[in-house]
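If you're matching positions, the sequence shown starts at 739 in our numbering and goes up one per residue. Just so you know, even glycine gets a beta-carbon here, dropped at the ideal spot from N, CA and C. Only one structure is covered here, and it is reproduced in the block below.
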Amino acid sequence: MTAVYTWDVFSTLDGYGSYGPDGDWGGYWGKQGPEFLDNRLAVIGEEQRMILGANTFRLFEKLLGPIPEADLDPVNSRMRSLPTTVVSRTLAGPFAAPGVTVAAGDAVDVVARLKEESEVPLRSHGSLSLNRALMAAGLVDRVQVTIFPVISGRTGTAPVFEGAADFDLELIRSRVFDGHTQELIYRPTLHS
């Protein structure tokens, strides 16, 4: 049996995964609430391996690497402690986060092998281009999109599904946190 691979991504209502350099909206666009944060901690508290692309990992290292463990919030502390595979031909350690390994090679080959070998589920957060390629190859079992109640038409960057193939989505679960943040979990199938 192969490990389930979930692409976990945050988005604005208009489909952006981050904000521009002049924007002042941080990771959750300032819309995180207690229900959302409790759920995030539960989701990443499960046994799993993170799979990240090089750009997302560099960003995590830049944002979280210099922060002492005692100063991290529980969600980021757990994320930093998870075993993580970074798919990259350019990165080399050492890294601030423990348990990080680099897998050089084609992302499709690396993740196909990890799905066969892993005894725990695989989860990727962000890593847009990596996950669009994995979806096209049929390796993403679940797309978990958390939609924050913002539109960032002027400052938004990184359109989440820009350039992606066409997919049919089967809704597995939907939830609303704190009365305004939606989580949608889909099973993607390449549209033929």
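Would you say alanine 830 lies against chain C (beta-carbon separation less than 8 Å)? No chain C appears in the structure shown, which is made up of a single protein chain.
Unbroken alpha helix (DSSP H) runs of length 4 or more, entirely within the region 799-826: which are they? Entirely contained in the region 799-826, the alpha helix (DSSP H) runs reaching 4 residues are, in chain order, 812-819.
Minimum C-alpha distance to valine 883 - residue among Leu907, Thr839, His929: The count along the sequence shown starts at 1 and reaches residue 883 at position 145. When only C-alpha atoms are compared, the closest one is Leu907.
Output needed for threonine 839: all residues of its chain with C-beta closer than 6 Å, excluding positions within five of it in sequence on either side, in chain order. Here residue 839 is taken as the residue at index 101 of the sequence shown, counted from 1. Excluding positions up to five away in sequence, the list reads Thr823.
Considering only C-alpha positions, which residue in the set Pro836, Leu872, Arg851 is nearest to leucine 928? Looking up residue 928 in the sequence shown gives position 190. For the residues Pro836, Leu872, Arg851, the minimum Cα distance to leucine 928 belongs to Leu872.
For leucine 802 versus arginine 818, is the C-beta spacing smaller than 8 Å? Residue mapping note: residue 802 aligns to position 64 of the sequence shown, counting from 1. Residue mapping note: residue 818 aligns to position 80 of the sequence shown, counting from 1. It is a contact, given that the beta carbons lie within the stated cut-off.
What are the start and end residues of the alpha helix (DSSP H) that includes phenylalanine 774? Residue mapping note: residue 774 aligns to position 36 of the sequence shown, counting from 1. Start and end: 772-783.
From threonine 740 to glycine 783, what does the alpha carbon distance come to, in whole angstroms? Residue 740 sits at position 2 when you count from the first residue of the sequence shown. Residue 783 sits at position 45 when you count from the first residue of the sequence shown. Taking the straight line joining both Cα atoms gives about 21 Å.
8 Å Cβ shell around threonine 750 - same chain, five flanking residues per side excluded: As a first step, residue 750 is located in the sequence shown; it is residue number 12 there, counting from the start. When the five nearest sequence neighbours on each side are left out, the beta carbons in the same chain lying within less than 8 Å of the beta carbon of threonine 750 are those of Trp767, Ile885, Phe886, Val888, Ile889, Ser890, Gly894, in order along the chain.
If you follow the alpha helix (DSSP H) that glutamate 855 is part of, which residue opens it and which one closes it? Taking the sequence shown and counting its residues from 1, one reaches residue 855 at position 117. Per DSSP, the continuous alpha helix (DSSP H) segment holding glutamate 855 begins and ends at 845-855.
Tell me arginine 787's beta-bridge partners as DSSP assigns them. The count along the sequence shown starts at 1 and reaches residue 787 at position 49. Beta-bridge pairing links arginine 787 to Leu860.
I'd like to confirm the pairing. Which residues does DSSP put opposite isoleucine 885 in its beta bridges? Residue numbering aside, residue 885 sits at position 147 when the sequence shown is read from its first letter. Bridge partners of isoleucine 885: Ser749, Gln920.
In terms of residues, what are the limits of the beta strand (DSSP E) holding alanine 903? Within the sequence shown, numbered from 1, the residue matching residue 903 stands at position 165. No beta strand (DSSP E) contains alanine 903, which DSSP labels as neither H nor E.
In this structure, does DSSP put serine 912 in helix, strand or coil? The residue you call residue 912 lines up with position 174 of the sequence shown. The answer is strand: DSSP assigns serine 912 an E or B state.
So for threonine 794, helix, strand or coil by DSSP? By one-based count along the sequence shown, residue 794 stands at place 56. When DSSP states are grouped into helix, strand and coil, threonine 794 belongs to the helix group.
Across which residues does DSSP place leucine 928 in a beta bridge pair? In the sequence shown, counting from the first residue as 1, residue 928 sits at position 190. Per DSSP, Phe905.
For aspartate 809 and valine 747, the rounded distance between their alpha carbons: For the purposes of this step, residue 747 is identified with residue 9 of the sequence shown, where counting begins at 1. For the purposes of this step, residue 809 is identified with residue 71 of the sequence shown, where counting begins at 1. So the two alpha carbons sit approximately 25 Å from each other.
CB-CB under 6 Å to valine 881, same chain, minus the five flanking residues each way: which ones, in chain order? The residue labelled residue 881 in the question sits at position 143 within the sequence shown. Trp745, Tyr924, Pro926.
Please state if the CB of valine 849 and the CB of tyrosine 754 are separated by a distance shorter than 8 Å. Start at 1 with the first residue of the sequence shown, and residue 754 comes out as number 16. Start at 1 with the first residue of the sequence shown, and residue 849 comes out as number 111. The answer is no: Cβ separation not under 8 Å.
Based on the DSSP output, what are the partners of tyrosine 766 in its beta bridges? Here residue 766 refers to the residue found at position 28 of the sequence shown. When beta bridges are read from the DSSP output, tyrosine 766 appears opposite no residue.
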